[in-house]
Structures are given as structure tokens and as C-alpha cells.
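Student: Numbering-wise, the sequence shown is residues 38 to 288 according to this note's numbering.
Take this structure first; my questions come after.
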Amino acid sequence: MTAADLHTLTGAYALHALTDDERETFERHLAVCEACAQETAELGATAARLGLAATVTPRAGLRDDVLRRISTVRQDTPGHPGPPQTVRTGAVRRRLLSRWALAACLAGAVGLGGVAVWQHQRAEDAVAQAQRAEQNSDRIAAVLAAPDARTDSARLGDGATGTVVVSDRQDQAVFVVAGMEHPPSGKVYQLWFDDDGTMRSAGLMDADQSDQTVLLDGAVGGASGMGITVEPAGGSDRPTSDPVALMRFPA
């Protein structure tokens, strides 16, 4: 796989559509490519939004209406090929291909029934993750879809990328992470609100998942940011280690 190929995999990575070997290779690439790390975080947040969207039941009679229209619409005659389009430069073209690939995959998933179809297409660990997230899906979706939602993304080190979404109206925050290394055995990642230098527990991350969407536990209140530390299993009342990541909440 060439370096040029790696730049086109951001969408597939966000949808967990890579093989294990491809994923490991791409995560090494993320550690040294700022552009791909940023795009992966943004696409991961978009995938989370669509994956949590509610499935809409088609109105009665829609199928019959579509079939009737098909029988009355004339098919266009194929046209002559036009002049060749201007070829975009490598980086821009790769990024457009990646975004179009993601949009096509997500549109297909939503059209076939939303997250239910998507879960069937993903590996067992991703399905388990979706089932756990489903318990808080309404609250997560409310934050992600809030009109005042603000988003910021950052590289967290070791190839991981994080995106935080904050809504003042909901008074809650959602953290989306991709490529997070597993914590040491017997340890867990704990999230914290940063209340002007005082850290307030915001819940635990799933130690078995590198990619996850987490609703921070508790109200945002006056918190100016968030942090992540490694803590003993079950968490701690206050941080017992240096933060592995700190993020400011978007203004």
C-alpha cells in the first residue's frame, strides 16, 4: 500500500471498514499525518451522528407510488461524453474521494434502515459497542443534534484522535475517540471535567474499545475543558496520574 493510498482511507477507517492489517497500517500513518488525523476525527463524529439517527418509517403507499412513477418516467438517452474534466491535484482529489466514499456508505446505510443495517455490517466488537451506546443514545443524539452544538478535534498522541461536542442548551458534552490505545491491564481511562483547574469525574471509557462515543457523565456547568487519565479499574475520586490528554471546550 502506497502513501497515496493511505490518504484515501479516512472514510473507510471512520466506518470500521478496514481489515486488521489495513487498520494497523493506517493508524501508524495517522501518527505522522496531521491532515488525515483531523479528517478522521471529523468523519468519525459525522458517522456517530448518523449512526444514532432514528430510522424513519416510510409513509403508507410509498412503494406503490414509486413503482407507478417509474412506469411513467422516460429514461434519458445516454449523452455524448463531454470534454475531459480538469484533474485535481493529488491531496485535494484524495480528500474528495474519501469524503465521497464516506457519504456514499453512510447514505446507503441510512437508506436501508439506519443503524440496524450498519450494525449487521460491522464486526462483533463494533456491534457490542453500538449496543452499549444505545442505552444513552437519546441523550447522545440530543447533544450531537443540538442547534448550539460546538465541535473541536485534536490529536491525542499515539495516533489517536478525539472530538468533543458541547451543547450549552443540553448542558452536556460528548467525546468521540478513534485509535485510542488500550490502557494497561487492570487500568481504565477516566474522563474529567476541568473546572478552572479542579478536575471533576465525568465517567469511565470502555477499556476494550479503541473507537468509542462517550457521553460525559454530569453537567458541563462552568467547565472549560476535559481531561483523560489512567486510573485503577473502577475509577478514582480524583486524578492519580498525569493526564494522557487535555482538550479545551470549543468557545
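Even glycine gets a Cβ: it sits at the ideal position worked out from N, Cα and C.
1) What three-state label does DSSP hand T235 in the structure shown?
2) How would you label T56, buried or exposed, when you count the other beta carbons within 10 angstroms and need 16 or more for buried?
3) How many angstroms separate the CA atom of A260 from the CA atom of D233?
4) Nearest to D224 by CA position, among I265, L181, T62 and R65, is which residue?
5) Decide if the stretch 265 to 279 is in contact with the stretch 233 to 252; the criterion is three or more beta carbon pairs, one per stretch, under 8 angstroms apart.
6) Could you name the residues that DSSP lists as bridge partners for T200?
7) Give me the Cα-Cα distance between V203 and L52, rounded to the nearest whole angstrom.
8) Judging by CA-CA distance, which residue of G258, A182, E59 and G271 is the nearest neighbour of P220?
9) Excluding five sequence neighbours on each side, which residues of the same chain lie with their C-beta closer than 8 angstroms to the C-beta of A288?
10) Report the partner residues of A179 according to the DSSP bridge assignment.
11) Taking A270 as part of the alpha helix (DSSP H), name the residues at either end of that continuous run.
12) Report all residues from its chain with a CB closer than 6 angstroms to the CB of D243; omit the five preceding and five following residues, and keep chain order.
13) Provide the residue span of the alpha helix (DSSP H) that contains T62, from first to last.
14) Provide the residue span of the alpha helix (DSSP H) that contains T47, from first to last.
15) Determine whether the beta carbon atoms of A282 and A197 lie at a separation below 9 angstroms.
16) Looking only at DSSP bridge pairs, what is T266 linked to?
17) Which stretch, first to last residue, makes up the beta strand (DSSP E) that contains M284?
18) How many angstroms separate the CA atom of D208 from the CA atom of T200?
19) Tell me, please, which residues DSSP counts as bridged to V251.
20) Measuring straight from C-alpha to C-alpha, what distance separates D289 and A49?
21) State yes or no: is the C-beta of F34 within less than 9 angstroms of the C-beta of G258?
22) Cutting at 6 angstroms between CB atoms, please list the residues of its own chain near A78, excluding the five before and the five after it.
23) How long is the line joining the alpha carbons of E76 and H66, rounded to whole angstroms?
24) My guess is that G216 and E64 are in contact by the Cβ rule of under 8 angstroms, so how many angstroms apart are they, rounded?
25) For the putative contact between A74 and R192, defined by C-beta atoms under 8 angstroms, what is the C-beta separation to the nearest angstrom?
26) Look at the alpha carbon of V251 and the alpha carbon of D58, and state the distance between them as a whole number of angstroms.
Tutor: Based on what the coordinates show:
1) Here the question's residue 235 lines up with position 198 in the sequence shown. Note: T235 maps to strand in three-state DSSP.
2) Locating residue 56 in the sequence shown gives position 19, where the first residue counts as 1. The C-beta of T56 has fewer than 16 other C-beta atoms within 10 Å across all chains shown, which makes the residue exposed.
3) Here the question's residue 260 lines up with position 223 in the sequence shown. Here the question's residue 233 lines up with position 196 in the sequence shown. Distance between the alpha carbons of A260 and D233 is about 7 angstroms.
4) Translated into positions along the sequence shown, residue 224 becomes position 187. As written in the sequence, residue 224 is Lys, which differs from the Asp given in the question. Nearest Cα to K224 within the set I265, L181, T62 and R65: I265.
5) A contact is defined here as three or more CB-CB pairs under 8 angstroms, and the stretch 265 to 279 meets this definition with respect to the stretch 233 to 252.
6) Taking the sequence shown and counting its residues from 1, one reaches residue 200 at position 163. Its beta-bridge partners are S190 and V213.
7) Along the sequence shown, one-based indexing puts residue 203 at 166. Along the sequence shown, one-based indexing puts residue 52 at 15. Taking the Cα positions, V203 is about 23 angstroms away from L52.
8) Mapped onto the sequence shown, residue 220 falls at position 183. When C-alpha distances from P220 are compared across G258, A182, E59 and G271, the shortest belongs to G271.
9) Counting from 1 along the sequence shown, the entry for residue 288 is found at position 251. Cβ within range, chain order: R187.
10) If you number the sequence shown from 1, residue 179 lands on position 142. In DSSP, A179 forms no bridge with anything.
11) As a first step, residue 270 is located in the sequence shown; it is residue number 233 there, counting from the start. Boundaries cannot be given for A270, as no alpha helix (DSSP H) includes it and DSSP labels it neither H nor E.
12) Taking the sequence shown and counting its residues from 1, the one referred to as residue 243 is at position 206. So the list reads Q249, once near-sequence residues are dropped.
13) Position 25 of the sequence shown, counted from the start, is the residue given in the question as residue 62. Membership of T62 in the alpha helix (DSSP H) is indicated by the continuous run D57 to L67.
14) Taking the sequence shown and counting its residues from 1, one reaches residue 47 at position 10. Looking at the DSSP string, the run of the alpha helix (DSSP H) that includes T47 is T47 to A51.
15) Here residue 282 is taken as the residue at index 245 of the sequence shown, counted from 1. Here residue 197 is taken as the residue at index 160 of the sequence shown, counted from 1. Taking 9 angstroms as the Cβ cut-off, A282 and A197 qualify as a contacting pair.
16) Translated into the one-based positions of the sequence shown, residue 266 becomes position 229. According to DSSP, T266 bridges with Q227.
17) For the purposes of this step, residue 284 is identified with residue 247 of the sequence shown, where counting begins at 1. Here the beta strand (DSSP E) through M284 covers A282 to R285.
18) Residue 208 sits at position 171 when you count from the first residue of the sequence shown. Residue 200 sits at position 163 when you count from the first residue of the sequence shown. Note on geometry: alpha-carbon atoms of D208 and T200 lie some 17 angstroms from one another.
19) Numbered from its first residue, the sequence shown carries residue 251 at position 214. V251 has F212 as its beta-bridge partners, per DSSP.
20) Given a span of 38 to 288 for the chain in the structure shown, any question on residue 289 remains unanswerable.
21) Here the chain comprises residues numbered 38 to 288, so residue 34 is not present and cannot be evaluated.
22) The residue given as residue 78 occupies position 41 in the sequence shown. Within the same chain, A78 has close Cβ partners S190, T198 and T200.
23) The residue you call residue 76 lines up with position 39 of the sequence shown. The residue you call residue 66 lines up with position 29 of the sequence shown. Straight across, the Cα-Cα distance linking E76 with H66 is about 13 angstroms.
24) Position 179 of the sequence shown, counted from the first residue, corresponds to residue 216. Position 27 of the sequence shown, counted from the first residue, corresponds to residue 64. About 5 angstroms; that satisfies the 8 angstroms criterion.
25) Counting from one through the sequence shown, the residue named residue 74 turns up at place 37. Counting from one through the sequence shown, the residue named residue 192 turns up at place 155. Indeed they touch by this definition, with Cβ atoms about 5 angstroms apart.
26) Here the question's residue 251 lines up with position 214 in the sequence shown. Here the question's residue 58 lines up with position 21 in the sequence shown. C-alpha separation (whole angstroms): 26 angstroms.
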